[in-house]
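Heads up: the sequence shown begins at 312 in the working numbering, then just goes up one per residue.
Here the structure comes first, spelled out in structure tokens, and everything after it is commentary.
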Amino acid sequence: MNFLQTNLNNFIREVNQIGGTSMNIEQKLFKAATKLIEERFPTGQGSAAAMCTEDGTILTSIAPETINPSTEVCVETGSICEAHKLNKVVTHTICVIREHENSEYKILTPCGVCQERLFFWGPYLKAAVYDEKNMYVYKTLEELQPYYWWKSYEKQAGIQGTKNK
312 MNFLQTNLNN FIREVNQIGG TSMNIEQKLF KAATKLIEER FPTGQGSAAA
362 MCTEDGTILT SIAPETINPS TEVCVETGSI CEAHKLNKVV THTICVIREH
412 ENSEYKILTP CGVCQERLFF WGPYLKAAVY DEKNMYVYKT LEELQPYYWW
462 KSYEKQAGIQ GTKNK
């Protein structure tokens, strides 16, 4: 096992142990994302995503910096790809950003492209969204997109189009 893989495995192990049983999954995801930001981006701007799978695995990712901005991808993309690679069903997602090391964290709702990618696991997947009172709350994709295009095909296909209920 190479150095990078060893460090990644150690990080994943630490993240999966965050908070023990005293934190709910939403809190664990926030903690996992902010931990990754603090470790990967100790100074300056930073962002990270964290996702939980149905078996409790927490996947985290960042958006890689690129020379050509047209090749950039969203923060969630790495975790989405990892879930597909591992054949895991995602149940929750959060995207956290900060402007610099001394600023407060902000929650970003998944963009339309990421919502489209996340819908693979169904409309009941929960995404963190900004809320003035509590900083963030979780809403299902169905709540974020009550008129999602797939609904036009559900009856015709005879399925609910969900992997996640």
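We put the CB at the ideal spot given by N, CA and C, even for glycine.
On the DSSP bridge list, what partners appear for residue i?
i, result
"M362", "L370, T404"
"Y447", "Y441"
"G357", "R409"
Going along the chain, which residues of its own chain have a beta-carbon closer than 7 angstroms to the beta-carbon of residue i, five neighbours each way excluded?
i, result
"A360", "A344, T371, S372, V386, E387, S390, T404, I405, C406"
"F434", "Per the sequence presented here, residue 434 reads as Pro, with Phe not at that position. Result list for P434: T451, L452, E453, Y459, T473, in chain order."
"V424", "C385"
For residue i and residue j, what's the separation of their Cα atoms in angstroms?
i, j, result
"W460", "S414", "38 angstroms"
"T364", "V401", "4 angstroms"
"L397", "T382", "25 angstroms"
Closer than 6 angstroms by C-beta to residue i: which residues in its own chain qualify, once you throw out the five before and the five after it? Chain order, please.
i, result
"A439", "I405, I418, Y447, Y449"
"L455", "none"
"M362", "L370, S390, V401, T404"
Are the CB atoms of residue j and residue i within a distance shorter than 9 angstroms?
i, j, result
"S358", "R428", "no"
"H411", "T354", "yes"
"I336", "Y416", "no"
Among residues of its own chain, excluding the 5 on either side of residue i, which ones have a beta-carbon nearer than 8 angstroms to its beta-carbon?
i, result
"C467", "Sequence check: residue 467 is Gln here, not Cys. There are no such residues."
"C422", "C385"
For this session: Jot down the residue ranges of each uninterrupted alpha helix (DSSP H) in the region 384-435, minimum 4 residues, whole runs only, in chain order.
Result: Entirely contained in the region 384-435, the alpha helix (DSSP H) runs reaching 4 residues are, in chain order, 388-397, 423-429.
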